[in-house]
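A.B. asks: Counting in the numbering used here, the sequence shown tops out at residue 556, every number present.
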Amino acid sequence: MTRPLPQLTPMNEWFWTSGADDRLRIQGCTECRTLVHPPVPVCPACRSRSWAPTVVSGRGTVVAFTVNHHPWHPAFEPPYAIANVALAEDATVHLTTNIVGCDPDDVSIGQEVAVRFEQHEDVWIPLFEPTGTSDAVNRVPEPQRPAPRAPVASDRYEHRVVLSGVGRSAIGRRLMVDPLSLTVDACLEAVADGGLTLDDIDGLSTYPGMVGMGLSEGGVTAVEEALRLHPTWINGGGELPGPGGAVIAAMLAVAGGLCRHVLCFRTVWESTYAALRLGPGSGGGRVSGPLLEWRAPFGAMSAANWIGMNANHYLHRYGATRELLGWIAINDRANAARNPAAIYREPMTMDDYLSARPITSPFGLYDCDVPCDASVAVVVSDATVAADLPKPAIRIEAVGTQITERISWDQDTLTHEPQVIGQSSHMWTRTSLRPGDVDVAMMYDGFTFNAITWIEALGFCGFGEAKDWLDGGRRIALDGELPVNPHGGQLSEGRTHGFGFIYEAVQQLRRDAGERQVAGAKTAVVTSGGGTPSGVMLLQRDET
Ligand code: ZN
Numbered sequence: 013m014t015r016p017l018p019q020l021t022p023m024n025e026w027f028w029t030s031g032a033d034d035r036l037r038i039q040g041c042t043e044c045r046t047l048v049h050p051p052v053p054v055c056p057a058c059r060s061r062s063w064a065p066t067v068v069s070g071r072g073t074v075v076a077f078t079v080n081h082h083p084w085h086p087a088f089e090p091p092y093a094i095a096n097v098a099l100a101e102d103a104t105v106h107l108t109t110n111i112v113g114c115d116p117d118d119v120s121i122g123q124e125v126a127v128r129f130e131q132h133e134d135v136w137i138p139l140f141e142p143t144g145t146s147d148a149v150n151r152v153p154e155p156q157r158p159a160p161r162a163p164v165a166s167d168r169y170e171h172r173v174v175l176s177g178v179g180r181s182a183i184g185r186r187l188m189v190d191p192l193s194l195t196v197d198a199c200l201e202a203v204a205d206g207g208l209t210l211d212d213i214d215g216l217s218t219y220p221g222m223v224g225m226g227l228s229e230g231g232v233t234a235v236e237e238a239l240r241l242h243p244t245w246i247n248g249g250g251e252l253p254g255p256g257g258a259v260i261a262a263m264l265a266v267a268g269g270l271c272r273h274v275l276c277f278r279t280v281w282e283s284t285y286a287a288l289r290l291g292p293g294s295g296g297g298r299v300s301g302p303l304l305e306w307r308a309p310f311g312a313m314s315a316a317n318w319i320g321m322n323a324n325h326y327l328h329r330y331g332a333t334r335e336l337l338g339w340i341a342i343n344d345r346a347n348a349a350r351n352p353a354a355i356y357r358e359p360m361t362m363d364d365y366l367s368a369r370p371i372t373s374p375f376g377l378y379d380c381d382v383p384c385d386a387s388v389a390v391v392v393s394d395a396t397v398a399a400d401l402p403k404p405a406i407r408i409e410a411v412g413t414q415i416t417e418r419i420s421w422d423q424d425t426l427t428h429e430p431q432v433i434g435q436s437s438h439m440w441t442r443t444s445l446r447p448g449d450v451d452v453a454m455m456y457d458g459f460t461f462n463a464i465t466w467i468e469a470l471g472f473c474g475f476g477e478a479k480d481w482l483d484g485g486r487r488i489a490l491d492g493e494l495p496v497n498p499h500g501g502q503l504s505e506g507r508t509h510g511f512g513f514i515y516e517a518v519q520q521l522r523r524d525a526g527e528r529q530v531a532g533a534k535t536a537v538v539t540s541g542g543g544t545p546s547g548v549m550l551l552q553r554d555e556t
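(1) In terms of residue numbering, what span does the alpha helix (DSSP H) encompassing V79 cover?
(2) Got a sec, what are the start and stop residues for the alpha helix (DSSP H) H438 sits in?
(3) Let me know if A64 comes out buried or exposed under the rule of 16 or more other beta-carbons within 10 Å of its beta-carbon.
(4) Measuring CB atoms only, is the stretch 431–438 touching the stretch 394–408, in the sense that at least three cross pairs come out at less than 8 Å?
(5) What three-state label does DSSP hand L3 in the structure shown?
(6) Taking the alpha carbon of V125 as the point to measure from, which residue in M313, D134 and T108 has its own alpha carbon closest?
(7) E25 to L208, Cα distance in whole Å?
(8) Which two residues bound the contiguous alpha helix (DSSP H) that contains A199?
(9) Let me make sure I understand the geometry here. Which of M455, P243, A267 and S30 has the alpha-carbon closest to that of I2?
(10) DSSP puts C276 in a beta bridge; with which residues?
(11) If you drop the 5 nearest sequence neighbours on each side, which residues of the same chain put their C-beta closer than 6 Å to that of A204?
(12) Locate the beta strand (DSSP E) running through G547, then write down its first and last residues.
(13) Closer than 8 Å is the cut-off here; do at least three beta carbon pairs connect the stretch 458–469 with the stretch 184–193?
(14) Applying the criterion that 16 or more other CB atoms from any shown protein chain within 10 Å of the CB defines a buried residue, is M454 buried or exposed?
(15) Consider the C-beta atom of E429 and the heavy atoms of the ligand ZN; say whether any pair is separated by less than 8 Å.
(16) Scan the stretch 224–281 and note each continuous alpha helix (DSSP H) run of 4 residues or more that stays entirely inside, going in chain order.
(17) In chain order, what are the residue ranges of uninterrupted beta strand (DSSP E) at least 3 long that sit wholly in the stretch 449–476?
(18) Can you tell me whether T21 sits near the ligand ZN, meaning its C-beta is under 8 Å from at least one heavy atom of the ligand?
(19) Straight-line CA distance for S444 to C114?
(20) Could you name the residues whose beta carbon sits closer than 6 Å to any heavy atom belonging to the ligand ZN, keeping them in chain order?
(21) Closer than 7 Å by C-beta to E101: which residues in its own chain qualify, once you throw out the five before and the five after it? Chain order, please.
(22) What do you reckon, are the CB atoms on S504 and A354 nearer than 9 Å?
(23) Under the rule that 16 or more other beta-carbon atoms within 10 Å means buried, what is G293, buried or exposed?
(24) Quick one: using the 10 Å Cβ neighbour count with 16 as the cut-off for buried, is M549 buried or exposed?
(25) Within 10 angstroms of the Cβ of L288, are there 16 or more other Cβ atoms? Answer buried if so, exposed if not.
(26) State the start and end residues of the unbroken alpha helix (DSSP H) segment that holds Q39.
(27) Thinking C-alpha only, which one of H106, V52, L36 and F88 is nearest M23?
(28) Check this for me: beta carbons of F375 and A323, under 9 Å apart or not?
(29) Hey, how far is the Cα of P352 from the Cα of V518?
(30) Identify, in the order they occur along the chain, each residue of the same chain with its Cβ nearer than 7 Å to the Cβ of R559, setting aside the five sequence neighbours on each side.
(31) Kindly indicate which residue of E429, L494, P56 and A395 has the alpha-carbon position closest to the one of A265.
(32) Determine, using beta carbons only, whether T427 and Y330 come nearer to each other than 9 Å.
(33) Please state whether DSSP places I406 in a helix, a strand or coil.
(34) Write down the C-beta distance between H132 and R15 rounded to the nearest angstrom, noting that I regard them as a contact closer than 8 Å.
(35) Is G476 buried or exposed, if buried means 16 or more other CB atoms sit within 10 Å of its CB?
(36) Between A95 and S314, what straight-line distance do the alpha-carbon atoms span, to the nearest angstrom?
This is the structure:
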């Protein structure tokens, strides 16, 4: 069994065959000499269209790594080291790769390495081996809070809409039911919850739409075929500001007058999908696409590997330990004990957390959210209906959607999960509220580290300060200064992929959250995604 190999195209063939003469080549702008990776058809620095494969020294520095312990693919026997190497010529140009020629446990940040190619068929895979050690990690710049674009108008489209209804299907492991039936369960409940009927619904919006892998019921197409709503507007796709971007898109459609009540939904059935072994085989075809081409050939098959590298860089840079991540997992689990819908509700101690099966360093089993079957639906309505709703309407104070960071997961500062700092800064430009006004925070926790990243990106504390700010988890507890994920988050309730946070925020702001209610909750921040473009919303109970 060989490594997954990249599909060669006119755009990338020069890179993947460069090792034929034992030399590493990177796209170089012929006008301004900027090195660019992954390749794009225009220089991001000077916008020149003129570039050439440019020979570099093949030397670099390990700036992030993860020791993978999980058997993702038969070609890679765990444990093995996946690393992010910054090139000697330009420390902002990174390659995801493997460190070979040493024990995986000996890989460290700051290690100097040199390229060594491994040929498979017509592809030369660039691997790196240690040559010595240095402390070059500080060549990776500190993250900066960007200055997002100012609002283009004084009015806010967010204020022309409300969240009127929410609904949810059963949540569970291996429910073994048709995912479309989960979607219909959630949708019918959301419509009824808003005091509406299906005839009132004139828009449909979802994320990520018609995709496989247990990540969707089939999208708008499948739901419309089931419900026959005849919508005037539809939206479904993955290129949105996170899963919650489907709700943000619906806000725009309603604020723009195209429709009045948009039914938004998000369904996962990864648990049953895996149990039925419906996935593609691990052998055979070549990998392509921006997420896999640059990572799968190195056994970096999962977001756990990609985010694990950033998490290790963060811990190294700021002098934090795994306990910081553990506080997120333990807090989620403690809260889930008060949530009857959560999949995992038994208490977890720090010892439980630290001794869990390793997945990919620094992540163990409890750093990774729980694949499940579930659907969540949210109705976005015109704000003029707010007074007529059976339950308190939820206002949208502001959203944050601007991309300011590199889209590539491995090319940015490596200190935080990419695609959260820009969106967070953007949201605060659209409101006079400040972090201190937030009563409850829904921090996306696909991995524990995502939540740390959002807490810092949103400015609840400074970059690198979470290890002190969390105060051993006390500050984010249900009775703490900033309760985080009162429902247990995706780590304990289940991976409803963003929409579960919206559902819980609505419950909290309506003060319908039962045993886990945050007293007097008026303002909630809700994040979704990270890595790929993400989004964030500031929600408020309507008290007008
Ligand atoms: Zn240039």
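Where is the CB? At the ideal position from N, CA and C, for every residue including glycine. Fair warning: this is a prediction, and the values are worked out from it, not measured in the lab.
C.D. replies: Let me lay it out:
(1) The residue you call residue 79 lines up with position 67 of the sequence shown. First-last for V79: R71 to N80, but that is the beta strand (DSSP E), not the alpha helix (DSSP H).
(2) Walking along the sequence shown from the start, residue 438 turns up at place 426. H438: member of the alpha helix (DSSP H) spanning I433 to W440, first to last residue.
(3) Taking the first residue of the sequence shown as position 1, residue 64 is located at position 52. Flag for A64 reads exposed.
(4) Of all C-beta pairs linking the stretch 431–438 to the stretch 394–408, fewer than three are shorter than 8 Å, placing the two stretches out of contact.
(5) A query on residue 3 cannot be resolved here, the shown segment of the chain reaching from 13 to 556 and no further.
(6) Mapped onto the sequence shown, residue 125 falls at position 113. For V125, the closest of M313, D134 and T108 by C-alpha to C-alpha distance is T108.
(7) Residue mapping note: residue 25 aligns to position 13 of the sequence shown, counting from 1. Residue mapping note: residue 208 aligns to position 196 of the sequence shown, counting from 1. Within the model, the alpha-carbon separation for E25 versus L208 is close to 55 Å.
(8) Reading the sequence shown from its first residue, position 187 is the one you call residue 199. It is worth fixing the name first, because residue 199 is Cys in this sequence and not Ala. From DSSP, the alpha helix (DSSP H) with C199 extends over P191 to D205.
(9) With the chain represented from 13 up to 556, any question about residue 2 goes unanswered, as that position is not in the structure.
(10) Within the sequence shown, residue 276 is the residue found at index 264, counting from 1. DSSP lists S217 and V390 as partners of C276.
(11) In the sequence shown, counting from the first residue as 1, residue 204 sits at position 192. Nothing listed; no residue qualifies.
(12) Taking the first residue of the sequence shown as position 1, residue 547 is located at position 535. Membership of G547 in the beta strand (DSSP E) is indicated by the continuous run T544 to R553.
(13) No, because fewer than three Cβ pairs between the stretch 458–469 and the stretch 184–193 fall closer than 8 Å, the two stretches do not touch.
(14) Working through the sequence shown from its first residue, we reach residue 454 at position 442. Note on M454: 16 or more other CB atoms within 10 angstroms of its CB, so buried under the neighbour-count rule.
(15) Here residue 429 is taken as the residue at index 417 of the sequence shown, counted from 1. No, since every heavy atom of the ligand ZN falls outside the 8 Å radius drawn around the Cβ of E429.
(16) As summarised for the stretch 224–281, the continuous alpha helix (DSSP H) elements at least 4 residues long and confined to that stretch are 231–239 and 257–267, given in chain order.
(17) The qualifying runs are 452–454.
(18) Taking the sequence shown and counting its residues from 1, the one referred to as residue 21 is at position 9. No.
(19) Along the sequence shown, read from residue 1 onward, the residue named residue 444 stands at position 432. Along the sequence shown, read from residue 1 onward, the residue named residue 114 stands at position 102. In a straight line, the C-alpha of S444 is about 53 Å away from that of C114.
(20) Shown in chain order are the residues whose CB sits closer than 6 Å to a heavy atom of the ligand ZN: C41, E43, C44, T46, C55, A57, C58 and S60.
(21) What you label residue 101 is simply residue 89 of the sequence shown in a count that begins at 1. Excluding positions up to five away in sequence, the list reads L47, V68 and S69.
(22) What you label residue 504 is simply residue 492 of the sequence shown in a count that begins at 1. What you label residue 354 is simply residue 342 of the sequence shown in a count that begins at 1. Cβ distance < 9 Å, so S504 and A354 count as in contact.
(23) Sequence index remark: in the sequence shown, residue 293 carries index 281 (1-based). With a pLDDT of only 46 at G293, under the threshold of 50, the placement of this residue in the model should not be trusted; the figure read from the coordinates follows. Label assigned to G293: exposed.
(24) The count along the sequence shown starts at 1 and reaches residue 549 at position 537. Buried is the call here.
(25) The sequence position of residue 288 within the sequence shown is 276, counting from 1. By the neighbour-count rule (16 or more Cβ atoms within 10 Å), L288 is not buried but exposed.
(26) Reading the sequence shown from its first residue, position 27 is the one you call residue 39. Taken as a continuous stretch (DSSP letters only), Q39 belongs to no alpha helix (DSSP H), being part of the beta strand (DSSP E) at L36 to C41.
(27) On the sequence shown, position 11 is the one that residue 23 refers to. Closest by alpha carbon: V52.
(28) One-based indexing of the sequence shown puts residue 375 at position 363. One-based indexing of the sequence shown puts residue 323 at position 311. Yes, these two residues count as a Cβ contact at 9 Å.
(29) Counting from 1 along the sequence shown, the entry for residue 352 is found at position 340. Counting from 1 along the sequence shown, the entry for residue 518 is found at position 506. Straight-line spacing of the CA atoms in P352 and V518 works out to 17 Å.
(30) Since the first residue of the chain shown is 13 and the last is 556, residue 559 is not available in this structure.
(31) Taking the sequence shown and counting its residues from 1, one reaches residue 265 at position 253. Here the closest residue by C-alpha is A395.
(32) Within the sequence shown, numbered from 1, the residue matching residue 427 stands at position 415. Within the sequence shown, numbered from 1, the residue matching residue 330 stands at position 318. In this structure, Y330 lies closer than 9 Å to T427 by Cβ.
(33) Along the sequence shown, read from residue 1 onward, the residue named residue 406 stands at position 394. Note: I406 maps to strand in three-state DSSP.
(34) As a first step, residue 132 must be located in the sequence shown, where it is residue number 120. As a first step, residue 15 must be located in the sequence shown, where it is residue number 3. Indeed they touch by this definition, with Cβ atoms about 6 Å apart.
(35) Position 464 of the sequence shown, counted from the first residue, corresponds to residue 476. So G476 ends up on the buried side.
(36) Within the sequence shown, residue 95 is the residue found at index 83, counting from 1. Within the sequence shown, residue 314 is the residue found at index 302, counting from 1. C-alpha of A95 to C-alpha of S314: approximately 14 Å in a straight line.
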